[in-house]
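Residues 673 to 1133 (our numbering) are what the sequence shown spells out, left to right.
Don't be surprised by glycine CBs; every beta carbon is placed ideally from N, CA and C.
Just so we're clear, the structure is a prediction, and the values are computed from it rather than from any experiment.
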Amino acid sequence: MKNRTGTAGTPRIRPRTVVLAVAAGAALLASTALIAPAANAAASTLRAAAAQSGRYFGAAANSFQLSNTSFTTILNREFNSIVAENEMKWDATEPQQNTFNFTGGDRLVAHARANGMSVRGHTLVWHAQQPGWAQNLSGSALRNAMVNHINRVAGHFRGQIHSWDVVNEAFADGGSGGRRDSNLQRTGNDWIEVAFRTARAADPNARLCYNDYNTDGINAKSTGIYNMVRDFKSRGVPIDCVGFQSHLGTTLASDYQANLQRFADLGVDVQITELDVAEGANQASIYERVTRACLAVARCTGITTWGVWDAASWRSDNPLLFDRNGNKKAAYNSVLNALNSVSGPTPPPTTTAPPPVTSTPPPGGGACSASVSLNSWNGGFVATVRVTAGNAAIRGWTVRIALPGGTAVTGTWNAQASGSSGTVNFSNVSYNGQISAGGNTEFGFQGTGSGPSGTPTCTAS
Ligand code: XIL
673 MKNRTGTAGT PRIRPRTVVL AVAAGAALLA STALIAPAAN AAASTLRAAA
723 AQSGRYFGAA ANSFQLSNTS FTTILNREFN SIVAENEMKW DATEPQQNTF
773 NFTGGDRLVA HARANGMSVR GHTLVWHAQQ PGWAQNLSGS ALRNAMVNHI
823 NRVAGHFRGQ IHSWDVVNEA FADGGSGGRR DSNLQRTGND WIEVAFRTAR
873 AADPNARLCY NDYNTDGINA KSTGIYNMVR DFKSRGVPID CVGFQSHLGT
923 TLASDYQANL QRFADLGVDV QITELDVAEG ANQASIYERV TRACLAVARC
973 TGITTWGVWD AASWRSDNPL LFDRNGNKKA AYNSVLNALN SVSGPTPPPT
1023 TTAPPPVTST PPPGGGACSA SVSLNSWNGG FVATVRVTAG NAAIRGWTVR
1073 IALPGGTAVT GTWNAQASGS SGTVNFSNVS YNGQISAGGN TEFGFQGTGS
1123 GPSGTPTCTA S
């Protein structure tokens, strides 16, 4: 098993001028009409090389590093995705309860947009790096604080995040394959799915990921996560991707690729999210094997290294692609060559938006029925509603649900709600009104108070 080696601490930056290479003969070659560029010329940067197969190549960064031009020269040249190393975590974004600070995250997002990069969001909920006030909460107070945090943070960055690490590191190390104990886990086993449903409502276009470490092969921990993802997919819990942190030592599990593939086969994207590798004789080859594994899995959509250069790594064993002076290491060349040598299958589009409806709507007039399944805890709930068409196809539906006094709906997905308390009508949205005879669709909502208990009524159009 790989251990996370490393020491946290204040990253140190050693500014240094990076000399840009100038292709001395370029002008001469370009002026010679007879010499055409090779059809498959190797790309000379990580971002361009990864883009050849539709993938991104990213790095973790901190907003203060953006003032260092030696740093941004490398960042902008080599990477087309950024993740905040610390500045989108709970302690950074909500230092006091319900008081939010997005300064660092906003700066990173602005830099990404200005330089043609996408952004990974890291991370909405985690047992570590919680603000002190959250560490001291438990039960429904913590659950409600978690839901509020996700709504506010994912809501703030709505539309700007390629993929969110909704939940980070919720599984235990060792052989149990079970959940890690934490204050979040003690609010009830459904906290992870509540987090995902909340995130979907807050930013419907972000890919929603579960992210963890020590998952670099088929082992008890990765299998526990695999089973959770399979369960989520079967029950319609919104999960789109799994992040493999890949903080690696001096060896790599031989089934690293097979493990990525089995998750992809569940119908989620996979991403290498925090790659760094212990220095030593194997560093370059492990980087290469990880890169090739991603390229060989069609749904592996991108790779992120946990930093740009060794000087600022959270680990002390020089685990990144650029050395402390900003020079490319052997590991850099092995990754670049791997990206260039295997064009790899193009990943499927990563949009979550449903395709536009172009067919003629079926005749309406059929009947429908609705049933609710409820996950509730003291003070809050998530309701999943299944709408089923009768013997004839329908082209629209409205489900009427009576809520108990004191209950308020705080978020709805895959439906339009008429209000937030009392009797609420939930109507289809543009892409899920049409249901074929006997078919069904699902929508959901979450709220504070206790969930609905009566039988809903369904009206079809
Ligand atoms: C680390 C940062 O790199 C450090 O600067 C910080 O002190 C601690 O957290 N898994 C994760 C990351 O998901 O958020 C961690 O980042 C590294 C391990």
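- With a minimum length of 3 residues, the unbroken runs of beta strand (DSSP E) contained wholly in the stretch 762-828 fall at 790-798.
- In the structure shown, the three-state DSSP call for Phe743 is helix.
- In this structure Asp884 is buried. Its beta-carbon is surrounded by 16 or more other beta-carbon atoms within 10 angstroms.
- In the DSSP assignment, Asp941 forms a beta bridge with Cys913.
- Within the same chain, Cβ atoms closer than 6 Å to the Cβ of His828 are found at Phe774, the five residues on either side in sequence being excluded.
- DSSP places Leu1046 within a strand segment (E or B) once states are collapsed to three.
- According to the DSSP secondary-structure assignment, Lys1000 is paired through a beta bridge with Phe994.
- At a threshold of 6 Å, Glu759 does not count as near the ligand XIL, since its beta carbon sits no closer than that to any of the ligand's heavy atoms.
- Of the residues Gly1068, Thr1079, Cys913, the one whose Cα lies closest to the Cα of Ala1087 is Gly1068.
- Asn1012 is a Cβ neighbour of Ala721, given a cutoff of 7 Å.
- Close CB contacts of Ser1048 within its chain, under the 7 Å cut and outside five residues either way in sequence, are with Ser1122, Gly1123 (chain order).
- Nearest Cα to Asn1112 within the set Gly793, Ser1093, Ala782, Ala1132: Ala1132.
- For Trp981, the distance from the CB to the nearest heavy atom of the ligand XIL is not below 6 Å.
- Distances from the CA of Asn734 to each of Ala1061, Asp853, Ala1003, Lys761 were compared; the closest alpha carbon is that of Lys761.
- When the beta-carbon positions are compared, Leu780 and Ile754 come within less than 7 Å of each other.
- Across the structure, Gly860 and Tyr959 are spaced so that their CA atoms are roughly 38 Å apart.
- In this structure, Asn823 lies away from Gly1051, with their beta-carbon atoms at least 7 Å apart.
- Look at Asn840: its beta carbon is less than 6 Å from one of the heavy atoms in the ligand XIL.
- Counted as a single uninterrupted DSSP element, the beta strand (DSSP E) harbouring Thr977 occupies residues 972-977.
- Per DSSP, reduced to three states, the secondary structure at Asp884 is strand.
- It is roughly 15 Å from the alpha-carbon of Gln807 to the alpha-carbon of Val819.
- Taking C-beta separations shorter than 6 Å and ignoring five residues to either side along the sequence, the partners of Trp1085 in its chain run Arg872, Ala873, Gly1116, following chain order.
- Note: Tyr728 is bridge-paired with Gly974 in the DSSP secondary-structure output.
- Annotated three-state conformation of Gly896 is helix, per DSSP.
- Relative to the ligand XIL, the beta carbon of Trp986 is positioned inside 6 Å of a heavy atom.
- DSSP, read as helix, strand or coil, puts Leu920 in strand.
- Residue burial annotation: Leu1075 is buried, with at least 16 other C-beta atoms found within 10 angstroms of its C-beta.
- Secondary structure of Gln737 (DSSP, three-state): helix.
- With respect to the 7 Å criterion, Gly979 and Ser985 are classified as neighbours on the basis of their beta carbons.
- Residue range 863-874 is occupied by the alpha helix (DSSP H) that includes Phe868.
- Residue state for Thr963 is assigned as helix, using DSSP reduced to three classes.
- A distance below 8 Å between beta-carbons, with the five flanking residues on each side excluded, links Leu880 to the following residues of its chain, in chain order: Ser835, Trp836, Val838, Phe868, Ala871, Arg872, Pro910, Ile911, Asp912, Cys913.
- For Gln1118, the enclosing beta strand (DSSP E) has its first and last residue at 1112-1120.
- If you look at Arg934, you'll find it isn't in any beta strand (DSSP E); it sits in the alpha helix (DSSP H) that goes 928-936.
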